[in-house]
Amino acid sequence: MKTEDLLAIAQQQNGPVYVYDAEKIKQQYNRLTQAFNGVNQLRLHYATKALNNISILKYMASLSAGLDTVSIQEVRLGLHAGFDPSMIIFTPNGVSLKEIEEVATMGVQINIDNLSILEQFGSKYPDTPVCIRINPHVMAGGNSNISVGHIDSKFGISIHQIPHLLRITENTKMRINGIHMHTGSDILDIDVFLHASEILFDTAKNFTELEFIDFGSGFKVPYKTGDIETNIEELGEKLTQRFNDFCRHYGRDLTLAFEPGKFLVSQAGYFLTKVNVVKQTTSTVFAQVDSGFNHLIRPMLYGSHHEIVNISNPEGRERFYSVVGYICETDTFGSNRKIAEISEGDYLAFKNAGAYCQTMASNYNSRFRPAEVLWLNGKAHLVRKQETFDDILRNQIELDFAALS
Ligand SMILES: *Cc1c(COP(=O)(O)O)cnc(C)c1O
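The numbering of the sequence shown is numbering that gives the first Met the number 0, which starts it at 0 and goes up by one.
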């Protein structure tokens, strides 16, 4: 997207706004399908939790994507967006048997990640095919908040519990139609991914009725210059070969599935804010924007780096700024960043704001959650209005204390 297009959108809004570039989403989707065009059948389940706007989900459906969901509400969003239940996989962690049963009734593919629920579900519904989430115990990157495949992780059934798992599937006579792993959002190199895949193939040999193997996600996209990006093309080449080998030995063509979230939508997103105050202290120049971790929490929660550019003065002389928000708490978006000279009233764009940004927004400080715009074929389409004061009051019950006393 061009800077002037972003600026025009920012100027039309009365408050901060998320903008998503449909073309970039499509490019990323096509990169993945291209990289794996050597497998018999590929299925990309877009991870809803990254960005769950209903128009984004419909756009994903138009690209022929499936959906990865982690709550019954996400399943409902997917069905509302028009996805066939067979295109949705439900991969929750720690949810109740009741919720899993409800989702199974909708015809959605169930993915179970613990032995307790597996046994209970299998005993009650031996005829409903189930996918199992395996924890291959592979460390993906160094941040334990987003590495979910290692030994202490709460995710998945440990590979060391396979004998126990097999006893359950034999006793219940349940049908396992898929094997799954998701080793987190911080996979740094392809060898780690391939190593985990080998463990998955090994596990898969134990099951005779498989229809698919789901390798989850964890693809890395660059957030700043110099960041490592997963080489999807190289992974495609290597994993395709290995997967096809496996299918030959297995005796049947299986579907290869992924669940990309960040890879599809991160770079497509921009978060646009307005500078309220430029504040000079003894050591720092602060640019304070009309937002905070109520709208974009990743820098504060994960220490994520989001590049910040001044779209009102893109050619201005660069100076150092700390970009902070208006929340009454420390909410630093970026410290001592080199940004084109900022004046009060300028609009700043935060990059890589497509994944895990709007979906994590809150009403902290009683602020409205921002609007969302989809940029499609050179036009801006509003896909979510900014909240209003009614939204702040919604569902609150005002007690009449005079009547209660
Ligand atoms: C969050 C999640 C994903 C998506 O991860 P990204 O890093 O955004 O690609 C995929 N699968 C499961 C099970 C998830 O929980």
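The C-beta atom is built at its ideal place from N, Cα and C for all residues, glycine as well.
Only a predicted model underlies this, so the values are computations on that prediction, with no experimental measurement involved.
Query raised in the report: Thinking C-alpha only, which one of Met359, Ser342, Phe332 and Lys337 is nearest Phe349?
Result: If you number the sequence shown from 1, residue 349 lands on position 350. Ranking Met359, Ser342, Phe332 and Lys337 by Cα distance to Phe349 puts Phe332 first.
Query - Gly353 beta carbon less than 8 Å from that of Phe35 - result: Sequence index remark: in the sequence shown, residue 35 carries index 36 (1-based). Sequence index remark: in the sequence shown, residue 353 carries index 354 (1-based). Their beta carbons are not under 8 Å apart, which means Phe35 does not touch Gly353 by this criterion.
Report task. Have a look at Tyr124 and Ile156 and give me their C-alpha separation to the nearest angstrom. Result -> Here the question's residue 124 lines up with position 125 in the sequence shown. Here the question's residue 156 lines up with position 157 in the sequence shown. Going from the Cα of Tyr124 to the Cα of Ile156 covers about 20 Å.
Report task. Pick helix, strand or coil for His136, following the three-state DSSP scheme. Result -> Residue mapping note: residue 136 aligns to position 137 of the sequence shown, counting from 1. Of the three classes helix, strand and coil, the one that applies to His136 here is coil, per DSSP.
Query - Proximity winner among Trp374, Gly291 and Val274, relative to Ile341 (alpha-carbon distances) - result: The residue you call residue 341 lines up with position 342 of the sequence shown. For the residues Trp374, Gly291 and Val274, the minimum Cα distance to Ile341 belongs to Val274.
Query - Own chain, CB closer than 7 Å to Val38, minus 5 neighbours either side, in chain order - result: By one-based count along the sequence shown, residue 38 stands at place 39. Around Val38: Thr239, Phe242, Asn243 and Leu255.
Report task. Kindly identify the DSSP beta-bridge partner or partners of His304. Result -> The residue given as residue 304 occupies position 305 in the sequence shown. According to DSSP, which records beta bridges pairwise, His304 is partnered with nothing at all.
**Report entry** Contacts around Val382, its chain only, beta-carbon distance under 7 Å, and the 5 residues preceding and following it disregarded
**Finding:** Locating residue 382 in the sequence shown gives position 383, counting from the first residue. Closer than 7 Å at the Cβ level, and outside the excluded window around Val382, lie Asn52, Ser54, Glu371, Val372 and Leu373.
Query raised in the report: For the beta strand (DSSP E) that Asn335 lies in, which residues bound it at each end?
Result: Looking up residue 335 in the sequence shown gives position 336. Looking at the DSSP string, the run of the beta strand (DSSP E) that includes Asn335 is Thr331 to Ala339.
**Report entry** Run of the beta strand (DSSP E) containing Asp20, from where it starts to where it stops
**Finding:** The count along the sequence shown starts at 1 and reaches residue 20 at position 21. Looking at the DSSP string, the run of the beta strand (DSSP E) that includes Asp20 is Val16 to Asp20.
Query - Cβ neighbour criterion (16 or more within 10 Å) applied to Gln10 - result: For the purposes of this step, residue 10 is taken as residue 11 along the sequence shown, with counting starting at 1. Classification of Gln10: exposed, given that the 10 Å Cβ count is below 16.
Requested in this report: Could you tell me if the beta carbon of Asp67 falls within a distance shorter than 7 Å of some heavy atom in ligand 1?
Outcome: Taking the first residue of the sequence shown as 1, we reach residue 67 at position 68. At least one heavy atom of ligand 1 is nearer than 7 Å to the Cβ of Asp67, so yes.
Query raised in the report: What's the C-alpha gap between Phe262 and Gln26?
Result: Position 263 of the sequence shown, counted from the first residue, corresponds to residue 262. Position 27 of the sequence shown, counted from the first residue, corresponds to residue 26. Approximately 11 Å, taken between the alpha carbons.
Query raised in the report: Roughly how many angstroms separate the alpha carbons of Phe367 and Leu193, rounded to a whole number?
Result: As a working note, residue 367 is residue 368 in the sequence shown. As a working note, residue 193 is residue 194 in the sequence shown. Spanning the two alpha carbons is a distance of roughly 44 Å.
Query raised in the report: Any contact of the region 268-288 with the region 66-82, i.e. 3+ C-beta pairs under 8 Å?
Result: no
Requested in this report: Taking only the alpha-carbon atoms, compute the straight-line gap between Asn364 and Met173 and give it to the nearest angstrom.
Outcome: To locate residue 364, count along the sequence shown from 1; it is residue 365. To locate residue 173, count along the sequence shown from 1; it is residue 174. Taking the straight line joining both Cα atoms gives about 49 Å.
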